[in-house]
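Visitor:
In the working numbering, the protein residues as written are -13 to 140.
(1) Pull up the distance between the alpha-carbon of residue 31 and that of residue 110, whole angstroms please.
(2) Any contact between the region 9 to 22 and the region 43 to 54? By contact I mean 3 or more CB pairs, one from each, below 8 Å.
(3) Thinking just about the alpha-carbon of each residue, which of 113, 38 and 121 is nearest to the one in residue 106?
(4) Please classify residue -13 as buried or exposed, where buried requires at least 16 other C-beta atoms within 10 Å of its C-beta.
(5) Which same chain residues end up closer than 6 Å to residue 83 when comparing Cβ atoms and leaving out the 5 residues on each side of it in sequence?
(6) Spell out the partners DSSP gives residue 133 in its beta bridges.
(7) Would residue 35 and residue 68 be called neighbours here (beta carbons separated by less than 9 Å)?
(8) Would you list the one or two residues that DSSP bridges to residue 45?
(9) How far does the alpha helix (DSSP H) with residue 154 in it reach, from first residue to last?
(10) I need the straight-line Cα distance from residue -9 to residue 12, nearest angstrom please.
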């Protein structure tokens, strides 16, 4: 069984911080470089699997768009699909917020899932730690909702 947990800004941020430190470690990023000003205004989403922290992501306003980044799922929970679940929840919420686009900073090699939702590459590669990232974006009304049955719904 799983539950989702939302926190905002630095309020009750310890759980998100602990998972984000694991994310930083996996990407070769120093902990002091993992956290930034956006954490103070972001919505942080976590999934707990039978009470244990399994995954984390954040979402925040950034100019004329909503940015989703810092998605991470512990290896032992990847089989449950929590990464995709979090992305679906964040996209659903992002469609209700101001701005015309949803933007994600995606580690190279993980873009397939984002492309299924309609994201297209919009920026150059950026290297942080030992990981290269590419910015992807989709218009808020252009998100493609798909099911495992491969039916698409807009």
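Note that the Cβ used here is the ideal one computed from N, Cα and C, for glycine as well.
Guide: By the coordinates alone:
(1) Locating residue 31 in the chain shown gives position 45, where the first residue counts as 1. Locating residue 110 in the chain shown gives position 124, where the first residue counts as 1. Roughly 27 Å between the two C-alpha positions.
(2) Counting Cβ pairs under 8 Å, fewer than three are found: no touch.
(3) Walking along the chain shown from the start, residue 106 turns up at place 120. Residue 121 is the option with its Cα nearest to residue 106.
(4) Looking up residue -13 in the chain shown gives position 1. Looking at its Cβ environment, which holds fewer than 16 other Cβ atoms inside 10 Å, residue -13 is exposed.
(5) Indexing the chain shown from 1 puts residue 83 at position 97. Sequence-distant Cβ neighbours of residue 83 in its own chain, meaning closer than 6 Å and more than five residues away, are 52.
(6) Position 147 of the chain shown, counting from 1, holds the residue named residue 133. DSSP lists no partner for residue 133.
(7) Stepping through the chain shown from its first residue, residue 35 is reached at position 49. Stepping through the chain shown from its first residue, residue 68 is reached at position 82. Result yes, Cβ atoms of residue 35 and residue 68 sit closer than 9 Å.
(8) Indexing the chain shown from 1 puts residue 45 at position 59. The partner list for residue 45 (beta bridge, DSSP) reads 29 and 54.
(9) What is shown of the chain runs -13 to 140, which leaves residue 154 out entirely.
(10) Position 5 of the chain shown, counted from the start, is the residue given in the question as residue -9. Position 26 of the chain shown, counted from the start, is the residue given in the question as residue 12. Straight-line measurement puts the Cα of residue 12 at about 23 Å from the Cα of residue -9.
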